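Report on the structure given below.
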Amino acid sequence: MKLAQVFEDGIRVKEVPNIALDGRKGAIVKVLGCGLCGSDIIKFDHKTVPFGTVLGHEVVAQILEIDSATDFKSGDVIVTTHHIPCGKCDYCKNGNVSMCRHFKETNIYPGGFSELVFLSEEHLQNVAYLKPENLTVEEASFYEPLSCCVRAVRRAQLLTSSEVLVLGLGSIGILMAQALNAAGMKVLGCDLLDERVEILKNFGIDAVKSVPVNFRPNAVFLTAGADKTVEIAIKIVRDGGKIIVFSSTPNSFPFANNEIYYRELTVMGSYSPDLCDMRQSLNLLQSGRVKVKGLSTVYPLEKVEQAIQDTKNAKIIKALIKV
Ligand SMILES: [Zn+2]
Ligand SMILES: [Zn+2]
Numbered sequence: 008m009k010l011a012q013v014f015e016d017g018i019r020v021k022e023v024p025n026i027a028l029d030g031r032k033g034a035i036v037k038v039l040g041c042g043l044c045g046s047d048i049i050k051f052d053h054k055t056v057p058f059g060t061v062l063g064h065e066v067v068a069q070i071l072e073i074d075s076a077t078d079f080k081s082g083d084v085i086v087t088t089h090h091i092p093c094g095k096c097d098y099c100k101n102g103n104v105s106m107c108r109h110f111k112e113t114n115i116y117p118g119g120f121s122e123l124v125f126l127s128e129e130h131l132q133n134v135a136y137l138k139p140e141n142l143t144v145e146e147a148s149f150y151e152p153l154s155c156c157v158r159a160v161r162r163a164q165l166l167t168s169s170e171v172l173v174l175g176l177g178s179i180g181i182l183m184a185q186a187l188n189a190a191g192m193k194v195l196g197c198d199l200l201d202e203r204v205e206i207l208k209n210f211g212i213d214a215v216k217s218v219p220v221n222f223r224p225n226a227v228f229l230t231a232g233a234d235k236t237v238e239i240a241i242k243i244v245r246d247g248g249k250i251i252v253f254s255s256t257p258n259s260f261p262f263a264n265n266e267i268y269y270r271e272l273t274v275m276g277s278y279s280p281d282l283c284d285m286r287q288s289l290n291l292l293q294s295g296r297v298k299v300k301g302l303s304t305v306y307p308l309e310k311v312e313q314a315i316q317d318t319k320n321a322k323i324i325k326a327l328i329k330v
């Protein structure tokens with residue numbers, strides 16, 4: 008089987024022996040498509056993963072071999088994510104599922120940018136679902152990233168009809184704006200690039216290139232990954248408002264103590280999804296309440312690095328790697 012591994016000099020595609028169940032519970036799946044996530048790009052750029060790592064976790068795949076107590080069978084096309092919260096530890100009980108140690112330890116093997124992947128029985132039982140028939144592989148590949156957005160919306164605990172600004176309309180901003188819209192919020196998206204503003208408008212949500220002067224949203228969702236947006240968010244969020252941090256920025260900022268104190272701001276991070284968010288994400292995609300048609304650009308496995316460059320240069324919205 009082919010897989011793409013991270014090395015010091017870049018991503019190399021290698022041929023390795025096929026993996027098999029070898030008596031384990033779970034499934035061997037053939038990857039039909041795997042989305043390239045912003046977190047994959049950061050791991051590659053900063054080489055925060057060991058050499059030899061196979062990136063990719065936004066997987067749509069077909070089951071080749073299975074030994075499982077679930078109803079899945081050979082030939083089924085499924086979507087899956089990679090991490091599973093234990094549901095029992097202190098982090099989980101407090102709703103910080105993505106801080107759960109079990110969550111961090113669980114993974115798909117070797118990774119989504121591989122011809123074949125092993126999914127454990129735990130994955131099949133908790134985070135894998137049949138791909139809805141009305142969704143293409145491209146569309147279904149948004150299951151994991153959308154579930155992360157769904158959780159961020161849930162964590163923010165906003166009153167219905169709150170005014171919300173989404174700063175940054177890459178693929179995540181476009182998903183976040185739609186997840187907020189589906190939750191009944193009044194959403195405005197903002198991005199410097201015309202075509203991204205147009206995409207959101209075409210999906211039926213207001214979007215602008217610069218934030219209107221008197222706009223004071225109840226919440227600002229930071230989905231851009233640019234230093235400047237942090238400053239903008241603190242300036243324009245209304246008193247008592249919430250800032251939801253959903254991307255890393257090149258620099259960390261000093262804690263805005265006095266703004267947060269005197270203006271009663273809430274700043275919260277949201278990273279990865281819980282199990283209920285995954286179910287909700289699939290519902291939103293299947294029902295068409297979140298639209299993703301046309302957002303993906305397909306690259307072969309040999310072009311993962313090209314996909315990374317094109318994503319960073321904003322040439323494309325979202326890359327889907329097909330093996
Ligand atoms: Zn992802
Ligand atoms: Zn836990």
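Going by the working numbering, 123 is the number at position 116 of the sequence shown; the sequence numbering is gapless.
For glycine and all other residues, C-beta sits at the position ideal for the given N, C-alpha and C.
If you're wondering where the values come from, they're calculated on a predicted model, not measured in any experiment.
request  = Indicate the three-state DSSP secondary structure (helix, strand or coil) for Leu126 in the structure shown.
outcome  = strand
message = For Asp16 and Lys50, what's the separation of their Cα atoms in angstroms?
response = 14 angstroms
inquiry  = Alpha carbons only, please: which of Lys235, Leu272, Ser217 and Asn264 is nearest the one belonging to Val244?
reply    = Leu272
message = Check whether the region 76–92 and the region 128–137 are in contact - that is, three or more C-beta pairs closer than 8 angstroms.
response = yes
task = Compute the distance between the beta-carbons of Ala68 and Lys37, then report whether it is under 8 angstroms.
result = yes
key: Closest residue to Ile26 among Ile35, Arg19 and Val20 (Cα-Cα distance)   = Ile35
request  = Determine the contact status of Ile73 and His130, defining contact as a CB-CB distance below 8 angstroms.
outcome  = no
key: Residues near Phe222 by beta carbon distance below 8 angstroms, same chain, minus five either side   = Glu170, Leu172, Leu195 and Ile243
ask   = Considering only residues of the same chain and omitting the five flanking positions on each side of Tyr116, which have a CB-CB separation below 6 angstroms?
value = Phe125
Which of helix, strand or coil DSSP assigns to Ile212 = coil
ask   = Any residues whose CB sits closer than 6 angstroms to a heavy atom of ligand 1? List them in chain order?
value = Cys44, Ser46, His64, Glu65, Glu151 and Pro152
ask   = What residues does ligand 2 have around it, judged by CB closer than 7 angstroms to any heavy atom, in chain order?
value = Pro92, Cys93, Gly94, Lys95, Cys96, Tyr98, Cys99, Val104, Cys107, Arg108, His109 and Phe110
query = Going by DSSP, what residues sit across from Arg245 in a beta bridge?
reply = DSSP, once it has assigned bridges, lists no residue as partnering Arg245.
task = Write down every uninterrupted run of the alpha helix (DSSP H) in the region 98–179 whose length is 4 residues or greater and which is fully enclosed by it, in chain order.
result = 108–112, 128–133, 144–147 and 150–163
task = Could I get the ranges of all uninterrupted alpha helix (DSSP H) runs contained in the region 236–297, with 4 residues as the minimum, in chain order?
result = 264–269 and 282–294
task = Count the other C-beta atoms from every protein chain shown that fall within 10 angstroms of the C-beta of Ser288, then say buried if there are 16 or more, exposed otherwise.
result = buried
query = Near Arg270, what residues of its chain come up, given a Cβ to Cβ distance below 6 angstroms and the 5 sequence neighbours on each side ignored?
reply = Asp246
key: Residue of Leu176, Ile239, Cys99 and Pro280 minimising C-alpha distance to Pro219   = Ile239
query = When burial is assigned at 16 or more other CB atoms within 10 Å of the CB, is Phe253 buried or exposed?
reply = buried
ask   = Among residues of its own chain, excluding the 5 on either side of Ser279, which ones have a beta-carbon nearer than 8 angstroms to its beta-carbon?
value = His90, Val104, Ser105, Phe110, Cys155 and Arg158
Residue span of the beta strand (DSSP E) that contains Ser46, given as start and end = From DSSP, Ser46 is part of no beta strand (DSSP E) but of the alpha helix (DSSP H) over Gly45 to Asp52.
key: 7 angstroms CB neighbourhood of Arg161 in its chain, flanking five on each side removed   = Asp284
task = Could you check what DSSP says for Asp234 in three-state terms: helix, strand or coil?
result = helix
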